[in-house]
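Under this note's numbering, the first residue of the sequence shown is numbered 5, with each subsequent residue one higher.
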Amino acid sequence: MSSSSAFNDEKGGSSSVGEPEYGHDPASGGIFSSDYKRHDDLKEMLDSNKDSLKLEAMKRIVAMIARGKNASDLFPAVVKNVACKNIEVKKLVYVYLVRYAEEQQDLALLSISTFQRGLKDPNQLIRASALRVLSSIRVTIIVPIMMLAIKEAASDMSPYVRKTAAHAIPKLYSLDPEQKDQLIEVIEKLLADKTTLVAGSVVMAFEEVCPERIDLIHKNYRKLCNLLIDVEEWGQVVIINMLTRYARTQFLNPNINESLLEEGGGGEKTFYGSDEDEDEDDEEKEKEKKVEAAAMAKRKPYVMDPDHRLLLRNTKPLLQSRNAAVVMAVAQLYFHLAPKAEVGVIAKALVRLLRSHSEVQYVVLQNVATMTIKRRGMFEPYLKSFYIRSTDPTQIKILKLEVLTNLANETNISTILREFQTYIKSMDKDFVAATIQAIGRCATNIGEVRDTCLNGLVQLLSNRDELVVAESVVVIKKLLQMQPEKHSDIIKHMAKLTDNIQVPMARASILWLIGEYCEHVPKIAPDVLRKMAKSFTNEEDIVKLQILNLAAKLYLTNSKQTKLLTQYVLNLAKYDQNYDIRDRARFIRQLIVPTEKSGALSKYAKKLFLALKPAPVLESPFKDRDHFQLGSLSHLLNAKAGGYQELPDWPETAPDPSVRNVEVPEWTKCSSREKRKEKKVEKPFYSDSEGESGPTESADSESDSASGSESGSGSEGSGTGSESEESEEASVSEEEDEEEEKKTKKRESKKPVQESESEQSSEEEDRKRERKSKQRKSESESESDEEEDSESDSSQSESEDSESEAEIKKKKKAAESKPPSKPVKKDTKKEKKEMSLLDLDDFEPTPSPQVTPVNNLLSNSLVTDLEGLSLSDAVLSPATIAPSSALKSYELLHRITGEGLSVEYCFSRQPFSPDANMVAVQMHFTNNSTSDTKNLHMEDVKLQSGMRVKDFPEIELLPAGEKATAVMGIDFCDSTQAANFQLCTHTRKFFVSIQPPVGELMRPVFLTENEFKKEQGQLMGMNEIAEKLTLDAKCRNEHAIVQRVTTAANLSRVPCGSDKECRFAGRTVTSGSLVLVTVASREEGAAQLMVNCEKMLIGTMLVKDILLALTQ
5 MSSSSAFNDE KGGSSSVGEP EYGHDPASGG IFSSDYKRHD DLKEMLDSNK DSLKLEAMKR
65 IVAMIARGKN ASDLFPAVVK NVACKNIEVK KLVYVYLVRY AEEQQDLALL SISTFQRGLK
125 DPNQLIRASA LRVLSSIRVT IIVPIMMLAI KEAASDMSPY VRKTAAHAIP KLYSLDPEQK
185 DQLIEVIEKL LADKTTLVAG SVVMAFEEVC PERIDLIHKN YRKLCNLLID VEEWGQVVII
245 NMLTRYARTQ FLNPNINESL LEEGGGGEKT FYGSDEDEDE DDEEKEKEKK VEAAAMAKRK
305 PYVMDPDHRL LLRNTKPLLQ SRNAAVVMAV AQLYFHLAPK AEVGVIAKAL VRLLRSHSEV
365 QYVVLQNVAT MTIKRRGMFE PYLKSFYIRS TDPTQIKILK LEVLTNLANE TNISTILREF
425 QTYIKSMDKD FVAATIQAIG RCATNIGEVR DTCLNGLVQL LSNRDELVVA ESVVVIKKLL
485 QMQPEKHSDI IKHMAKLTDN IQVPMARASI LWLIGEYCEH VPKIAPDVLR KMAKSFTNEE
545 DIVKLQILNL AAKLYLTNSK QTKLLTQYVL NLAKYDQNYD IRDRARFIRQ LIVPTEKSGA
605 LSKYAKKLFL ALKPAPVLES PFKDRDHFQL GSLSHLLNAK AGGYQELPDW PETAPDPSVR
665 NVEVPEWTKC SSREKRKEKK VEKPFYSDSE GESGPTESAD SESDSASGSE SGSGSEGSGT
725 GSESEESEEA SVSEEEDEEE EKKTKKRESK KPVQESESEQ SSEEEDRKRE RKSKQRKSES
785 ESESDEEEDS ESDSSQSESE DSESEAEIKK KKKAAESKPP SKPVKKDTKK EKKEMSLLDL
845 DDFEPTPSPQ VTPVNNLLSN SLVTDLEGLS LSDAVLSPAT IAPSSALKSY ELLHRITGEG
905 LSVEYCFSRQ PFSPDANMVA VQMHFTNNST SDTKNLHMED VKLQSGMRVK DFPEIELLPA
965 GEKATAVMGI DFCDSTQAAN FQLCTHTRKF FVSIQPPVGE LMRPVFLTEN EFKKEQGQLM
1025 GMNEIAEKLT LDAKCRNEHA IVQRVTTAAN LSRVPCGSDK ECRFAGRTVT SGSLVLVTVA
1085 SREEGAAQLM VNCEKMLIGT MLVKDILLAL TQ
């Protein structure tokens, strides 16, 4: 009993309290029944004094609206609650009113004072909702009130309210276009807004109200470009489309020189031009070419406007957006605005969209089909992405066919035709017909495969399916027009098909062919006419017209056999139901059978009927679509849609770029300091989230920074920002160093745990530690030098710092280029001092590779001698691997930590004979202790997935004071992850790790100049990273550049015709991915570094390392 009562309470808890009864499920059918008492209950609840009941009622009403039910009869009851003090109720009331304000305008007007009060509400959501409702009341009487509300909202503190004001502008404009001038003032004010929330909405309002007022965009152009990445997705689409049109009016065509060349070389023959005119045309063309060449010579070389570059750079990351509309918007922007060399980056993004829904695929393929006509090379690498799946809808299949046909060229045609062969077997008849047409287009465009295609199509004539045969006949007819004399046997074969084929278009095509080339088949043609005359009355109109044409042509060429037949056919046609056929018969009779009444035309009957007809040019249906802006509805429909704005033509001369300058002197003063701080913050962000785009995008954005100080930003971007900063930041970096040391000591104790950390973070931390240890060494060295003279002032200038560092690095390099030699007595004090400092600051056995400070043990004279030596070595082999004397040594185990055993390693850059996919690592063991070391071997190797290690052979005995060398192989799997293992002796085990610089992950490969250019052309777009830099003063000749690049990376020199360019090539050791490096030097030490690599991550890291080598 108790349990059942509990169940009843649970089921209908509210009914016992005396409150109105209503269904619990907001979407339940109960509240939508035709019983109007339900609505009465809702009205009672809305009239109640309890906010909870009002809220419940409003939730149900909004649920009704969401379900598409009509709730307009509740309007009076809901409007009364506009003044409710409960914010949740108020919000839902406003949602209801926005929906029904247009329908119930009179009732809505009664509450207008409440909406005006709502505009002053402290809650931003209420203010925005009140404005939304106000702008939804479509009554001209309240236009002044709406105008006032929009102006106030445009100055609101909340960006959400300002966004709503922007949304209200087009509504007011459509209600009263006379308010345009006042609305433009509000738009101008909102365009200056710096919040991302408002940007998209105000640009939408701008597009609706005054798209012609480009002057409003000038001052906000750069701001919009920079905000773009953070605006919501639909705002991004609107802004990108607007900026595309803006750029077409403000910048010069980046492909102007190429387009002129194309115009000069592309004089196509006129469609009906005769052979006699060709000689004259050639002479004229040559003259035109000379004139154009002279004009080209006078034209100034094109230099891209920095604002144009800013737009391209800031939209590029959006190609990875999850929203297909954003990707499509960026793609059309690049297609319409970017230089030809850079448009390729959009191909990969568009191919990615082909994995989306069929609707998205349809739109993307429409645009790709248009792009492939102009820029075929862009999509050639992704040919297989356009292969057709059996599950694709017919429209998608036909569009993919279109793209494949556009991409067909001499190199890939065999693959494409093989693919087409399988498509012909499809059950989808429309698709098969489209495939046959595609084969025909391939045959007309590529002469080499014309015969193959023709033979293939002739084989299809014996197909069981009538539609396949019919379509083949139509296409063969077009192909035969190119070389009819060669193919009379095919014409004979097709003549036999007239008995079987019933498709009108195919029958008409066969008859046209036989009539046109009747001299090639003189015996068969009359017989075909005889058969056709029999069935004339039952044929379709299109076939009847061709029978008449055939009769006329045969009468003119072979009147003996066909005179009677022709008269018979003309008599039949004279009384046909179709007036076209009656007219044609009358016309032909007068023309070919001259009488006294017939005019002068009958003399020219042969010329009229048997004139040489040019072969048809099978063109893509997308050829004329590119005059519509890509991605627009007009482009999709191939017809101008309502509201479409034409894409402006490029200007002849560039408008004044200064109109986009914004005067903000305070910002420019503090920009450099802020920029440095921002970069400090951003470094770990980009490194931790190294996705497919992170590194390349950051490299792009740093290299082309808007401020224009490219050399500075380049050096900071490559990871040495902390070295050339002011005294405040130097002290900050010292504190960071101390914290870093504490962290590394903790890490040592927890090394096994650390080894399982994520690849990216450990890699970046190791790199950071290496940089900072270098920095500490340079600081300690400079301090020891200065102790004898005097202590330097804390606010030392940046230039002095960089000079001293350059000298130190020079000494280091010279020292490293010499093999380990006997220590010089002069520096024994320094060595002792170093020993005492080890425990404090300088010594830190981190897993990162550290350059051993050998230069402390060398005198200045030795340094200079060694410099000479290393240069002479490099002169002997500049194009090959860096000499072994210049190889860097890294410390693996310090003699203090190793209890007398010290281990150094270097990357020998020699092939590792047991396994070609491994990097050879040469280990140098030194026993500094007084006792022998036994059984030196490796244990407990811990590697990231995919990596492998080939152990060095065990060293059984290393006597005291002796040295030994061993070689091990490591497959780093093309990553800079550390290989962690234990180095074991007979008594102890030491945790050590080897981490490779990115330059050691590759082996040199020898290419000719042409091979290099060809490979570079295939690694464009996302696989290409370019950085501008200023070369170090000592690195401004070809020899120095070659030496520094080959020291930083194991690459070989590629011959180059230009003095200003140095090229290098290599392949990654594991995957064999190609790595191409180009250093192009300009005036005054300026240069550009370009790396093309299939692996973007390796390319990004290599750019940083080579930048470091060339600028220091």
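Cβ atoms here follow ideal geometry from the backbone N, Cα and C, with glycine treated the same way.
For Ile1029, the residue or residues it bridges with in DSSP
The residue given as residue 1029 occupies position 1025 in the sequence shown. Looking at the DSSP assignment, Ile1029 forms a beta bridge with Val1095.
For Gly635, which of helix, strand or coil comes out of DSSP?
Counting from one through the sequence shown, the residue named residue 635 turns up at place 631. Note: Gly635 maps to coil in three-state DSSP.
Going by alpha carbons, who is nearest to Met942 out of Ala970, Ala134, Met951 and Ser917?
By one-based count along the sequence shown, residue 942 stands at place 938. Per the Cα distances, Ala970.
Three-way DSSP call (helix, strand, coil) for Arg1071 in this model:
Numbered from 1 along the sequence shown, position 1067 holds the residue referred to as residue 1071. Three-state result, Arg1071: strand.
Between which two residues does the beta strand (DSSP E) containing Val996 stretch?
Residue mapping note: residue 996 aligns to position 992 of the sequence shown, counting from 1. Here the beta strand (DSSP E) through Val996 covers Lys993 to Ile998.
Pick out whichever of Leu517, Lys538 and Leu464 has its Cα sitting closest to the Cα of Ala529.
In the sequence shown, counting from the first residue as 1, residue 529 sits at position 525. The shortest C-alpha separation from Ala529 is found at Leu517.
Cα-Cα, which of Ile69, Thr118, Gln254 and Arg166 is closest to Glu656?
Looking up residue 656 in the sequence shown gives position 652. Considering only alpha carbons, the answer is Gln254.
Applying the criterion that 16 or more other CB atoms from any shown protein chain within 10 Å of the CB defines a buried residue, is Ala604 buried or exposed?
One-based indexing of the sequence shown puts residue 604 at position 600. Exposed, by the Cβ-count rule.
Check the DSSP bridge columns for Met972 and list the partner residues they point to.
Locating residue 972 in the sequence shown gives position 968, where the first residue counts as 1. Note: Met972 sits in a beta bridge opposite Val925.
Using beta-carbon positions only, say whether Ile243 and Ala203 come within less than 8 Å of one another.
One-based indexing of the sequence shown puts residue 243 at position 239. One-based indexing of the sequence shown puts residue 203 at position 199. Going by C-beta atoms, Ile243 is nearer than 8 Å to Ala203.
Reduced DSSP secondary structure (H/G/I, E/B, other) of Met942:
In the sequence shown, residue 942 corresponds to position 938, counting from 1. In this structure, Met942 counts as strand in the three-state DSSP scheme.
Could you check how far apart the C-beta atoms of Ile350 and Ala373 are, in whole angstroms? I think they sit under 8 Å.
Locating residue 350 in the sequence shown gives position 346, where the first residue counts as 1. Locating residue 373 in the sequence shown gives position 369, where the first residue counts as 1. In fact, because the Cβ distance is near 14 Å, the residues do not count as touching under 8 Å.
The beta strand (DSSP E) with Asn1014 in it runs from where to where?
Here the question's residue 1014 lines up with position 1010 in the sequence shown. Note, Asn1014: premise wrong, no beta strand (DSSP E); alpha helix (DSSP H) at Glu1013 to Gln1022.
Looking only at C-alpha atoms, which of Lys344, Leu194, Lys404 and Phe339 sits nearest to Gln1117?
As displayed, the chain neither begins before 5 nor continues past 1116, which places residue 1117 out of reach and without an answer.
Alpha helix (DSSP H) containing Leu987: first to last residue?
What you label residue 987 is simply residue 983 of the sequence shown in a count that begins at 1. It is not in any alpha helix (DSSP H) - Leu987 instead sits in the beta strand (DSSP E) that spans Ala983 to Cys988.
How close, in whole Å, do the beta carbons of Asp434 and Thr409 come, if the pair is a contact with beta carbons under 8 Å?
As a working mapping, residue 434 is identified with position 430 in the sequence shown. As a working mapping, residue 409 is identified with position 405 in the sequence shown. With 8 Å as the limit, Asp434 and Thr409 do not qualify as a contact, their Cβ atoms being about 16 Å apart.
Assigned secondary structure, Thr1122 (DSSP; H/G/I helix, E/B strand, else coil)
Here the chain comprises residues numbered 5 to 1116, so residue 1122 is not present and cannot be evaluated.
Under the three-state reduction of DSSP, which class applies to Tyr391: helix, strand or coil?
On the sequence shown, residue 391 is found 387 positions in, with the first residue counted as 1. Reduced to three states, the DSSP call for Tyr391 is coil.
Alpha carbon to alpha carbon, how far is Leu337 from Ser418? Give it in angstroms, no decimals.
Here residue 418 is taken as the residue at index 414 of the sequence shown, counted from 1. Here residue 337 is taken as the residue at index 333 of the sequence shown, counted from 1. The alpha-carbon atoms of Ser418 and Leu337 are separated by roughly 34 Å.
Looking only at C-alpha atoms, which of Ile69, Leu194 and Arg1040 sits nearest to Lys155?
On the sequence shown, position 151 is the one that residue 155 refers to. Nearest of Ile69, Leu194 and Arg1040 to Lys155, Cα basis: Leu194.
By DSSP, does Leu560 sit in helix, in strand, or in coil?
On the sequence shown, residue 560 is found 556 positions in, with the first residue counted as 1. The answer is helix: DSSP assigns Leu560 an H, G or I state.
For Lys954, name the three-state secondary structure that DSSP assigns.
One-based indexing of the sequence shown puts residue 954 at position 950. Strand, per DSSP.
Same chain, Cβ closer than 7 Å to Ser935, five either side skipped, listed in chain order
To locate residue 935, count along the sequence shown from 1; it is residue 931. Counting only Cβ-Cβ distances below 7 Å, and skipping sequence neighbours, we find Ala964.
Using a Cβ distance threshold of 8 Å, determine whether the stretch 1085–1095 contacts the stretch 973–993, with at least three qualifying pairs required.
no
At what residue ranges does the stretch 39–66 contain a whole run of the alpha helix (DSSP H), taking only runs of 4 or more?
41–51
Count the other C-beta atoms from every protein chain shown that fall within 10 angstroms of the C-beta of Val1107, then say buried if there are 16 or more, exposed otherwise.
Working through the sequence shown from its first residue, we reach residue 1107 at position 1103. Buried, by the Cβ-count rule.
For Asp493, tell me which candidate among Arg511, Val462 and Val407 has the shortest Cα-Cα distance.
For the purposes of this step, residue 493 is taken as residue 489 along the sequence shown, with counting starting at 1. Asp493 has its Cα closest to that of Val462, out of Arg511, Val462 and Val407.
Quick one: residues in its chain with C-beta nearer than 7 Å to the C-beta of Ser662, no 5 flanking neighbours on either side, listed in chain order?
Residue 662 sits at position 658 when you count from the first residue of the sequence shown. Excluding residues within five positions, none has a Cβ falling inside 7 Å.
Cβ distance (whole Å) where Ile377 is taken to contact Phe626 below 8 Å:
As a first step, residue 377 is located in the sequence shown; it is residue number 373 there, counting from the start. As a first step, residue 626 is located in the sequence shown; it is residue number 622 there, counting from the start. Contact flag correct, Cβ pair sits at about 6 Å.
Count Cβ pairs between the stretch 153–173 and the stretch 116–130 that sit closer than 8 Å; are there 3 or more?
yes
For Val1073 versus Arg1007, is the C-beta distance shorter than 8 Å?
The residue you call residue 1073 lines up with position 1069 of the sequence shown. The residue you call residue 1007 lines up with position 1003 of the sequence shown. The answer is yes: Cβ separation under 8 Å.
Could you please give the first and the last residue of the uninterrupted alpha helix (DSSP H) stretch that includes Ser117?
Along the sequence shown, one-based indexing puts residue 117 at 113. Here the alpha helix (DSSP H) through Ser117 covers Ile116 to Gly122.
Under the three-state DSSP convention, the category Arg313 falls into:
Mapped onto the sequence shown, residue 313 falls at position 309. If DSSP states are grouped into helix, strand and coil, Arg313 belongs with the helices.
Using a Cβ-Cβ distance under 8 Å, would Leu1112 count as near chain B?
The displayed structure is made up of one protein chain only, and chain B is not part of it.
From which residue to which residue does the alpha helix (DSSP H) around Phe339 run?
In the sequence shown, the residue the question calls residue 339 occupies position 335. Start and end: Ala328 to Leu341.
Assumed close pair Val147, Leu176 - CB separation to whole angstroms, cut-off 8 Å
Your numbering for residue 147 matches position 143 in the sequence shown. Your numbering for residue 176 matches position 172 in the sequence shown. Confirmed, about 7 Å.
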